[in-house]
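For the protein sequence lines, the chains are A and B, in the order given. Sequential numbering of the first sequence, starting at 0, is according to numbering that gives the first Met the number 0. Sequential numbering of the second sequence, starting at 0, is according to numbering that gives the first Met the number 0. A virtual CB, placed ideally from N, CA and C, is assigned to each residue, including glycine. Please read the structure below before turning to the comments.
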Amino acid sequence: MAEYAKPLPEITAESRPFWEGCKRHQFLVQRCRACGARQHYPRGICAACWGDDLEWLPSAGRGTVYAFTVTYRTQARGFRDELPYVLAYVELEEGVQVLTNLVGGDPEAIRIGMPVRVTFEDVSAEVSIPRFTPA
Amino acid sequence: MPDALIAGVHEFPERKTAKSVLEIQALSARAALADAGLSPKDVDGYFTVAGNPGVGPLATVDYLNLTPRYVDGTTIGGSSFVAHVNHAAAAIAEGRCRVALITYGSTSRSSGIAVGTRERIAGEYVDQFEALYGISTVGLYALVARRHMHVYGTTSAQLAEIAVACRRHAGLNPLALYRDPITVEDVLKSPMISSPLHLLDCCVITDGGGAVVVVHPDVARDLRKPPVRILGSAEAVAHARAGHRDYLTTAAAQTGPRALAEASVSHDEIDMAMIYDSFTITVLMTLEDLGFCKKGEGGAFVSGERLRLGGELPINTDGGGLSSNHPGMRGIFLVVEAVKQLRGECGERQVQDCRTALVHGTGGTLGTRHSGATLVLGRA
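Here's what the structure looks like:
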């Protein structure tokens with residue numbers, strides 16, 4: 000595959016299950032076994048109760064656009080060669096907001112509330128990046 | 000509120016300089032102490048951010064040859080220096096120091112740093128879920144601006160009113176970077192950077208710096224200028240709430256009511272406000288959350304010349320970050336200008352009979368996590 004020019008995640012032990020899920024094209028959402036809260040981004044404790052017994056559940060990968068911006072100017076690696084691109088918050092059906100890109104549609108046609116689904120870009124043997132596309 | 004007073008202020012006048020970050024701070028500190036009628040040997044508390052690479056409080060204290068018995072390197076984005084005033088007042092009230100010096104310096108412009116559009120990498124755990132999507136500071140404010148428009152019907156023309164007001168004030172400030180008047184049309188026709196924010200919705204990029212001196216009342220008694228009272232102060236952090244956030248509410252919703260209650264000041268007693276203006280949307284949402292208007296009515300509130308000199312609530316009389324200066328962290332200038340207004344030193348841009356001013360700093364980004372710091376300041 001062509002060399003990937005955008006920033007890559009620095010995967011840590013804490014986040015590895017999430018990125019392994021992406022590798023399998025599953026978007027995993029953490030749920031606290033003690034209080035039931037769901038959270039994103041994933042972390043070592045439950046943000047709601049600070050318990051540390053968390054499970055990783057596959058999301059259905061569906062959601063709606065909560066907010067978006069079409070970026071016309073940036074210095075960000077890789078992205079500056081692909082202007083314009085769309086940065087967005089997607090609200091998953093599971094109830095958490097995810098910062099992401101919207102791809103595969105006309106940026107000018109994006110609306111808040113629009114249904115979207117997850118899509119994965121395999122950028123290396125280790126990393127697949129989740130993004131969202133019109134459902 | 001802890002009884003402490005602001006006795007001296009200085010804004011470094013240059014917008015592009017050959018001087019270093021440390022020199023800017025040294026010259027600003029010297030001028031602010033002279034403004035107060037104090038000398039470097041009087042300083043026993045020191046405050047700055049750790050945000051300039053290699054230039055945290057340790058390096059600055061060394062360079063300035065100070066001997067502080069109280070040091071604070073609170074770094075919470077552009078609001079840091081507003082929070083430093085709060086912290087200095089608390090330290091003075093506790094007897095930890097008597098003359099607190101706050102300094103800032105930055106060479107963003109001469110170093111060619113694209114503050115708003117550069118790749119935003121914090122070196123933190125959360126980068127791996129954010130940086131890979133091409134985030135920039137302007138993008139993370141634009142997200143929230145779009146959401147505000149969607150929910151409340153706010154328009155680009157309303158946001159532009161804020162930029163127009165700041166530019167009008169910049170025309171009265173000889174130090175401001177851009178001074179020629181602009182119109183709402185000019186803002187709307189300027190290039191789109193990250194929709195819905197245009198170039199003229201974004202703050203400028205400059206070099207700059209400044210210093211503020213906060214003192215114990217016993218020290219203030221003998222100084223050359225009437226000190227400014229710190230009537231109320233508060234700070235807060237708003238963040239992503241693990242994926243459950245209402246991004247239309249800023250930290251100002253927490254700090255505004257607390258600071259105003261502490262000061263026992265009502266909104267109609269505020270004669271002018273210095274509102275952090277990284278972007279026009281920052282001002283609009285801050286004014287809502289501080290309670291100057293209802294949530295969602297910010298668009299109407301900022302219209303009709305209300306924010307201009309002579310209007311109901313003049314803001315950013317120095318021209319703000321949108322037109323005067325923004326070296327990356329603007330909080331110190333909010334304090335400097337409010338103090339000058341309360342002392343009646345602002346010449347052409349003076350707010351008539353200015354008795355009470357509100358300062359609110361926003362640091363970080365509204366689209367992920369940010370800090371808010373509010374001060375209510377009053378004439379002595």
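Beta-carbon spacing of residue i, residue j below 8 Å
i, j, result
"S27 of chain B", "G208 of chain B", "yes"
"E90 of chain A", "T70 of chain A", "no"
"R130 of chain A", "E93 of chain A", "no"
"F67 of chain A", "R145 of chain B", "yes"
"I280 of chain B", "L312 of chain B", "no"
"T205 of chain B", "R29 of chain B", "no"
"Y275 of chain B", "G309 of chain B", "no"
"V117 of chain A", "F17 of chain A", "no"
"T106 of chain B", "T16 of chain B", "yes"
"L365 of chain B", "L139 of chain B", "yes"
"S322 of chain B", "L176 of chain B", "yes"
"G44 of chain B", "R95 of chain B", "yes"
"F128 of chain B", "Y103 of chain B", "no"
"R97 of chain B", "V214 of chain B", "yes"
"R348 of chain B", "N172 of chain B", "yes"
Chain A within 8 Å of residue i, Cβ atoms only
i, result
"P1 of chain B", "Below a pLDDT of 50, predicted positions are generally treated as unreliable, and P1 of chain B, at 49, falls in that range; the measurement from the model is reported next regardless. No, its Cβ sits nowhere closer than 8 Å to a Cβ of chain A."
"Y124 of chain B", "yes"
"G433 of chain B", "Residue 433 of chain B is absent from the model: chain B starts at 0 and stops at 379."
"V236 of chain B", "no"
"I134 of chain B", "yes"
"A162 of chain B", "no"
"A141 of chain B", "yes"
"G327 of chain B", "no"
"T16 of chain B", "no"
"E118 of chain B", "yes"
"E386 of chain B", "Outside the displayed range of chain B (0 to 379) lies residue 386 of chain B, so it cannot be described from this structure."
"R145 of chain B", "yes"
"S194 of chain B", "yes"
"G36 of chain B", "no"
"G297 of chain B", "no"
Inter-residue CB distance, residue i and residue j (contact presumed, cutoff 8 Å)
i, j, result
"G371 of chain B", "S193 of chain B", "Contact flag wrong, Cβ pair sits at about 22 Å."
"A3 of chain B", "F46 of chain B", "With a Cβ gap of about 13 Å, A3 of chain B and F46 of chain B do not count as contacting."
"E336 of chain B", "D317 of chain B", "4 Å"
"A250 of chain B", "H369 of chain B", "6 Å"
"V60 of chain B", "V70 of chain B", "7 Å"
"V42 of chain B", "L100 of chain B", "5 Å"
"V186 of chain B", "D200 of chain B", "7 Å"
"L374 of chain B", "V84 of chain B", "6 Å"
"R307 of chain B", "R167 of chain B", "6 Å"
"L380 of chain B", "A272 of chain B", "Outside the shown range of chain B (0 to 379) lies residue 380 of chain B, about which nothing can therefore be said."
"P225 of chain B", "M148 of chain B", "Actually they are not in contact, since the Cβ atoms of P225 of chain B and M148 of chain B sit about 44 Å apart, beyond 8 Å."
"V227 of chain B", "V338 of chain B", "5 Å"
"L376 of chain B", "L222 of chain B", "That belief does not hold up - the Cβ atoms of L376 of chain B and L222 of chain B are roughly 16 Å apart, past 8 Å."
"G115 of chain B", "S135 of chain B", "6 Å"
"R76 of chain A", "A4 of chain A", "6 Å"
"V102 of chain A", "T73 of chain A", "Not a contact, Cβ separation roughly 16 Å."
"G295 of chain B", "C165 of chain B", "Rounded, the Cβ-Cβ distance is 23 Å, inconsistent with contact."
Residue i at chain B interface by Cβ criterion, 8 Å
i, result
"V69 of chain A", "yes"
"S123 of chain A", "no"
"R76 of chain A", "yes"
"H24 of chain A", "no"
"P16 of chain A", "no"
"A46 of chain A", "yes"
"A12 of chain A", "no"
"L7 of chain A", "yes"
"L53 of chain A", "no"
"L86 of chain A", "yes"
Residues that residue i bridges to, as DSSP identifies them
i, result
"Q38 of chain A", "A:Q29"
"T285 of chain B", "Paired residues: none, contrary to the question."
"S79 of chain B", "S79 of chain B pairs with nothing; no bridge assigned."
"L91 of chain A", "A:G62"
"L98 of chain A", "A:Y88"
"R68 of chain B", "In DSSP, R68 of chain B forms no bridge with anything."
Amino acids of chain A, ordered along the chain, whose beta-carbon sits closer than 7 Å to that of residue i
i, result
"H417 of chain B", "Outside the shown range of chain B, which is 0 to 379, sits residue 417 of chain B, and nothing can be said about it."
"M191 of chain B", "Y71"
"F128 of chain B", "Y40 and L98"
"Y246 of chain B", "A66"
Contact set between residue i and chain B, taken where Cβ atoms lie within less than 7 Å
i, result
"S127 of chain A", "Per Cβ cutoff of 7 Å: no residues; S127 of chain A is ~11 Å from chain B at best."
"T99 of chain A", "Y132"
9 Å Cβ cut-off: residues of chain A touching residue i
i, result
"F300 of chain B", "Neighbours of F300 of chain B on chain A: none; closest Cβ ~22 Å, over 9 Å."
Per-residue contacts from residue i into chain B (C-beta, under 9 Å)
i, result
"V95 of chain A", "A241, G242 and H243"
Chain A residues whose Cβ lies nearer than 8 Å to that of residue i
i, result
"A372 of chain B", "Per Cβ cutoff of 8 Å: no residues; A372 of chain B is ~24 Å from chain A at best."
"A113 of chain B", "Q74"
Chain E within 8 Å of residue i, Cβ atoms only
i, result
"A66 of chain A", "Absent from the structure: chain E. Protein chains present are A and B."
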